[in-house]
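Residue numbers (the working numbering): 55 to 293.
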């Protein structure tokens, strides 16, 4: 049995290829993720390390394909450790990094906060809900707008961190360059903060929109990671 840890758009691409050819089970962290996949054998769960070990045992997993988000570091680390403990093959799918000029690159959320603490104006965040608390702590008199998934949990997280309703853009992607431009203009964004989620994660569409509008894009980088960055090579390993 193959366990596919979802979290990226490439998960759906992989499942299209392996459906009916191998036995597999998919897990995702959110219900919106399960809706996108539209799979019968999908489990919605945010597992701890111990829960991953139990999941491997209970489902007789022999291979784990980790297609979680590039920034889901804890998920990846726990999955690796669980596989090592149980003697299960672990395969990590990684997205290629985005190489873009005319952007501000920072290495971490902390470094991003340090940069933003020195600027004035409207900042539009596309980095998800986990970093809202960090950014709100250095907002000052600036306007910080957060684009989040339209879920109750996301809205509650915004509200609990004192984000005003007018500064919450709850909408589900993917987003085109034109859509991004319209949103950035509507909110008067002067800076846009994004993670380097790769081509498939919509980074290019955000950066292109910024450059056309004269907005400064700020990219939070990610650590180097070993893995497979080609779906065809991945298929050769599991079929």
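Ideal Cβ placement from N, Cα and C applies to all residues, glycine included.
Close-in-space but distant-in-sequence residues of the same chain around residue 91 (CB under 8 angstroms, 5 per side omitted): 60, 65, 66, 69, 80, 82, listed in sequence order.
Touch test, the region 162-170 against the region 136-154, Cβ-Cβ under 8 angstroms, three pairs minimum: The region 162-170 is not in contact with the region 136-154.
Reference residue 99, options 147, 288, 235, 129, closest by Cα: The option with the nearest alpha carbon to residue 99 is 129.
contact_flag[the region 265-275, the region 213-225] where n(CB pairs < 8 angstroms) is 3 or more: No, the region 265-275 does not touch the region 213-225.
Alpha-carbon spacing of residue 123 relative to residue 160, whole angstroms: Roughly 19 angstroms separates the two Cα atoms.
Distance between residue 73 and residue 94 (C-alpha atoms, nearest Å): Spanning the alpha carbons of residue 94 and residue 73 requires a straight line of approximately 11 angstroms.
Euclidean distance between Cα positions of residue 78 and residue 208: For residue 78 and residue 208, the distance between alpha carbons rounds to 30 angstroms.
Best match in 201, 221, 116, 136 for proximity to residue 234 [C-alpha to C-alpha]: Of 201, 221, 116, 136, the residue nearest in Cα terms is 201.
Between the CA atoms of residue 55 and residue 116 - distance to the nearest angstrom: Roughly 6 angstroms separates the two Cα atoms.
Residue 150 and residue 227 closer than 7 angstroms at C-beta: Pairing residue 150 with residue 227 gives a Cβ-Cβ distance that is not under 7 angstroms.
Beta carbon of residue 199 nearer than 7 angstroms to that of residue 221: Going by C-beta atoms, residue 199 is nearer than 7 angstroms to residue 221.
Residue(s) in a DSSP beta bridge with residue 176: DSSP lists 197 as partners of residue 176.
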